[in-house]
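This report concerns only the one structure given below.
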Amino acid sequence: MLLTSYFLAALAIALAWPTPLALSKAKWTSRAPVQAVLLWQAIALAGGLSMIGSMLVWGLSPLGDDLISALLAGWNLILGQQDAEYPGIVHLFALSTAFLFALHLVLTLARAAWRTTRQRAKHRQLLKLLSNPSETRPNTLVLEHDLPVAYCVPGIAQSVTVLSRGLLTQLSAEEQAAVIAHESSHLDQRHDLLILAFTAWHEALPWLPTSKLALEAVRQLIEMLADDKALEQVNRKTLLTAIVTVAAAAASDPAGMQQPSSTNAAQVGIPGGEVSSRRLKRLLTPEPPLRKPQRGVVLACTILLLTCPTVLLIAPRLLVW
Amino acid sequence: MASLGDLERSVMDLLWDSAEPLTANDLRDDLAALGTDAKELAVTTVLTVLARLEKKGLVIRERTTRPHRYTASSSREDHTVGLLNEALGTAQDREAVLARFIGGISADEAASLRAILDTVKSA
Numbered sequence: 413m414l415l416t417s418y419f420l421a422a423l424a425i426a427l428a429w430p431t432p433l434a435l436s437k438a439k440w441t442s443r444a445p446v447q448a449v450l451l452w453q454a455i456a457l458a459g460g461l462s463m464i465g466s467m468l469v470w471g472l473s474p475l476g477d478d479l480i481s482a483l484l485a486g487w488n489l490i491l492g493q494q495d496a497e498y499p500g501i502v503h504l505f506a507l508s509t510a511f512l513f514a515l516h517l518v519l520t521l522a523r524a525a526w527r528t529t530r531q532r533a534k535h536r537q538l539l540k541l542l543s544n545p546s547e548t549r550p551n552t553l554v555l556e557h558d559l560p561v562a563y564c565v566p567g568i569a570q571s572v573t574v575l576s577r578g579l580l581t582q583l584s585a586e587e588q589a590a591v592i593a594h595e596s597s598h599l600d601q602r603h604d605l606l607i608l609a610f611t612a613w614h615e616a617l618p619w620l621p622t623s624k625l626a627l628e629a630v631r632q633l634i635e636m637l638a639d640d641k642a643l644e645q646v647n648r649k650t651l652l653t654a655i656v657t658v659a660a661a662a663a664s665d666p667a668g669m670q671q672p673s674s675t676n677a678a679q680v681g682i683p684g685g686e687v688s689s690r691r692l693k694r695l696l697t698p699e700p701p702l703r704k705p706q707r708g709v710v711l712a713c714t715i716l717l718l719t720c721p722t723v724l725l726i727a728p729r730l731l732v733w
Numbered sequence: 024m025a026s027l028g029d030l031e032r033s034v035m036d037l038l039w040d041s042a043e044p045l046t047a048n049d050l051r052d053d054l055a056a057l058g059t060d061a062k063e064l065a066v067t068t069v070l071t072v073l074a075r076l077e078k079k080g081l082v083i084r085e086r087t088t089r090p091h092r093y094t095a096s097s098s099r100e101d102h103t104v105g106l107l108n109e110a111l112g113t114a115q116d117r118e119a120v121l122a123r124f125i126g127g128i129s130a131d132e133a134a135s136l137r138a139i140l141d142t143v144k145s146a
């Protein structure tokens with residue numbers, strides 16, 4: 413039990429700091445966004461599990477040789493049926509910390525989910541008053557405004573895509589198809605849940621800088637995933653043109669009163685100016701997807717990360733062998 | 024009989040298009056004139072809808088007059104801009120409320136990208 417708790421603690425530290433740092437800098441992620449997103453989830457899950465697990469296992473170590481028997485002994489102790497040796501104040505402290513930390517994580521997630529749901533409901537209510545259903549597309553609303561904007565409101569029962577009149581007039585049919593393919597892949601793959609989980613993770617551990625790194629990385633990766641889906645239907649140039657048109661509009665004032673600020677205008681003049689986001693870089697200069705064996709390695713790491721702390725928690729004696 | 028949600032929309036449309044505040048009676052008559060549902064609409068129903076809209080902060084009630092008169096709290100355009108602000112992420116929330124098309128691209132980047140695309144086009 414003791415050895416297991418030390419191992420889990422080491423794993424927790426590795427997953428809290430060096431691993432996310434390395435992954436956020438890794439170059440291959442944009443070549444295999446699917447695997448990268450899975451790996452990020454495994455890191456967060458395994459990290460949380462081993463953090464809680466190390467404290468739990470250490471706290472229970474005086475009570476038994478494995479988690480089940482220790483929990484049973486602890487339960488009997490609480491019921492006063494057995495006068496087993498009391499684990500001592502330090503161990504009790506570790507146990508309560510584990511319990512409180514787990515509670516903290518769950519509550520933060522629940523709060524974030526509740527807040528998001530409420531904001532979405534409010535947004536939908538206004539949409540109901542202000543938008544009209546699209547004549548040509550199912551589950552699509554059209555908002556009367558000249559600014560080209562596209563977004564979607566994810567929902568449990570029904571998600572809805574919103575397009576502005578400006579988007580329909582300023583983008584060609586192909587560019588619109590690109591935008592819609594991108595948006596619907598966000599909805600189909602439930603990227604909103606992913607972002608919700610990582611937002612909550614960051615909110616629960618604001619003092620952990622890597623929790624922000626993870627959120628940023630996952631945000632970029634889901635855009636890459638959605639771009640890849642869009643590229644199944646349109647070519648790169650169409651997608652890029654659509655992105656530019658919509659992004660330029662976003663930079664301007666939504667009231668349509670102002671053009672992009674002069675600093676932006678100055679930068680437009682520089683051909684080949686810096687494009688720093690990896691999402692755009694990979695669209696401009698296509699990168700070959702990661703080869704199959706390499707993807708296999710990433711997937712194996714993901715699975716290992718998920719199983720390792722779980723198995724150790726259930727059977728801590730494995731490490732003694 | 025139209026649902027309350029549909030009525031809310033019709034009432035808001037009337038208030039947005041009206042230059043001056045309207046009473047529940049005015050609204051009832053206007054709704055009947057629209058003739059979307061030929062059935063007689065009770066003033067109490069209109070008042071219910073107005074109360075709901077007031078609670079949502081969409082409608083302002085003038086209590087000094089009798090009967091009370093109602094106006095839209097802000098214009099249709101302002102509300103639309105509010106929605107777009109949320110959609111563009113200019114509002115405070117940076118969460119997963121909406122999935123945006125241009126997530127993670129800054130204004131400067133958009134400008135650089137346009138420059139690159141333009142050179143490609145002209146070449």
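Which chain is which? The protein sequence lines are D and U, in order.
Throughout the first sequence, residue numbering follows this note's numbering, covering 413 to 733 in sequence.
Throughout the second sequence, residue numbering follows this note's numbering, covering 24 to 146 in sequence.
Ideal Cβ placement from N, Cα and C applies to all residues, glycine included.
- Do we get a CB-CB distance below 8 angstroms when we pair A662(D) with the residues of chain U? At least one C-beta of chain U is nearer than 8 angstroms to the C-beta of A662(D).
- Determine which residues share a DSSP beta bridge with S576(D) and list them. According to DSSP, S576(D) bridges with L555(D).
- Task: Out of A590(D), A609(D), A727(D), state which residue places its alpha-carbon closest to the alpha-carbon of L453(D).
- Result: For clarity, residue 453(D) is Gln in the given sequence; the question names Leu instead. Closest option to Q453(D), Cα to Cα, is A609(D).
- Query: According to the Cβ coordinates, are A589(D) and Q645(D) closer than 8 angstroms?
  - Reply: Yes.
- Message: Short of 8 angstroms in beta carbon distance, which residues of its chain neighbour Q706(D), apart from the five on each side in sequence? Order them along the chain.
- Response: Exclusion of the five residues before and after Q706(D) leaves W440, A444 as the residues of its chain whose Cβ lies within less than 8 angstroms of its Cβ.
- Query: Are any of the Cβ atoms in chain U nearer than 8 angstroms to that of P432(D)?
  - Reply: Answer no: the Cβ-Cβ gap between P432(D) and chain U never drops below 8 angstroms.
- Minimum C-alpha distance to G105(U) - residue among V561(D), A434(D), E699(D): Selected option, being the one with the closest Cα: V561(D).
- Message: Assuming contact is defined by CB atoms lying nearer than 8 angstroms, are L555(D) and L542(D) in contact in what I supplied?
- Response: With contacts defined as CB atoms closer than 8 angstroms, L555(D) and L542(D) qualify as a contacting pair.
- Rounded C-alpha distance that separates S481(D) from V710(D): Distance between the alpha carbons of S481(D) and V710(D): 35 angstroms.
- Query: At what residues does the alpha helix (DSSP H) containing S481(D) begin and finish?
  - Reply: 479-491 is the extent of the alpha helix (DSSP H) around S481(D).
- Task: Name, please, each residue of chain D whose Cβ falls closer than 8 angstroms to the Cβ of K79(U).
- Result: Within chain D, the residues near K79(U) are Q537.
- Task: Please classify V69(U): is it buried, with 16 or more other beta-carbons within 10 angstroms of its beta-carbon, or exposed?
- Result: That one is buried.
- Task: Let me know if H614(D) comes out buried or exposed under the rule of 16 or more other beta-carbons within 10 Å of its beta-carbon.
- Result: Buried, by the Cβ-count rule.
- Query: Taking C-alpha atoms, which residue in K649(D), I607(D), L519(D) lies nearest to E586(D)?
  - Reply: By alpha-carbon distance to E586(D), the top candidate from K649(D), I607(D), L519(D) is K649(D).
- As assigned by DSSP and simplified to three states, the class of I83(U): In the structure shown, I83(U) sits in a strand (DSSP, three-state: E or B).
- Can you list the residues of chain U that E587(D) reaches, using a CB-CB cut of under 9 angstroms? Within chain U, no residue comes near E587(D); the closest Cβ sits about 11 angstroms away, beyond 9 angstroms.
- Do we get a CB-CB distance below 8 angstroms when we pair Q645(D) with the residues of chain U? Interface with chain U (8 angstroms Cβ-Cβ cutoff): Q645(D) is excluded.
- DSSP on R703(D), reduced to helix/strand/coil? Coil.
- Message: Which of the three DSSP states is assigned to T714(D) in this structure?
- Response: Helix.
- Query: Whose C-alpha, out of G459(D), L457(D), L504(D), is nearest the C-alpha of L475(D)?
  - Reply: Measuring from the Cα of L475(D), the nearest candidate turns out to be L504(D).
- Message: When you compare the CB of S584(D) with every CB in chain U, is at least one pair closer than 8 angstroms?
- Response: The C-beta of S584(D) comes no closer than 8 angstroms to any C-beta of chain U.
- Message: Against L140(U), what residues of chain D qualify as contacts under a CB-to-CB distance less than 7 angstroms, listed in chain order?
- Response: Listed by position along chain D, the residues whose Cβ is nearer than 7 angstroms to that of L140(U) are L652, T653, V656.
- Query: Going by Cα to Cα distance, which pick from M463(D), L538(D), S597(D) is closest to A122(U)?
  - Reply: Out of M463(D), L538(D), S597(D), S597(D) has the C-alpha closest to the C-alpha of A122(U).
- Best match in F513(D), D604(D), A456(D) for proximity to A524(D) [C-alpha to C-alpha]: Of F513(D), D604(D), A456(D), the smallest CA-CA separation from A524(D) is found for D604(D).
- Item | CA nearest to the CA of S623(D), picked from T416(D), Y418(D), G459(D), F419(D) | The residue from T416(D), Y418(D), G459(D), F419(D) with its alpha-carbon nearest to that of S623(D) is G459(D).
- Task: Give, in chain order, every residue of the region 530-560 of chain D whose Cβ lies closer than 8 angstroms to some Cβ of chain U.
- Result: Within the region 530-560 of chain D, the qualifying residues are Q531, R532, H535, Q537, L538, L539, K540, L541, L542, L555, E556, H557, L559.
- Item | For A667(D), the three-state DSSP class (helix, strand or coil) | Reliability of the predicted coordinates at A667(D) is poor, the pLDDT of 47 falling under 50, and no value is obtained from them.
- Message: Taking the straight line between their C-alpha atoms, what separation do you get for T431(D) and V591(D)?
- Response: Those two C-alpha atoms are separated by around 34 angstroms.
- Query: Going along chain U in order, which residues have a C-beta closer than 9 angstroms to the C-beta of A562(D)?
  - Reply: Those are A110, R123, F124, I125, listed as they occur along chain U.
- What did DSSP end up calling V561(D) once you bin it into helix, strand or coil? Three-state result, V561(D): coil.
- Message: Strictly by DSSP, which residues pair up with S508(D)?
- Response: For S508(D), which the question treats as bridged, DSSP gives no partner whatsoever.
- Query: Of all the CB atoms in chain U, is at least one closer than 8 angstroms to the CB of A659(D)?
  - Reply: So yes, A659(D) belongs to the interface.
- T509(D) versus P700(D), I490(D), W470(D), R690(D), residue with shortest Cα-Cα distance: Selected option, being the one with the closest Cα: W470(D).
- Among I607(D), Y418(D), L472(D), which residue has its Cα nearest to the Cα of E628(D)? It is I607(D).
- By Cβ distance, which residues of its chain are closer than 6 angstroms to L81(U), with the 5 residues on each side in sequence left out? Excluding sequence neighbours, L81(U) sits near S96.
- Message: Please report the distance separating the alpha-carbon of H102(U) from that of E109(U).
- Response: Near 11 angstroms, if we compare the C-alpha coordinates of E109(U) and H102(U).
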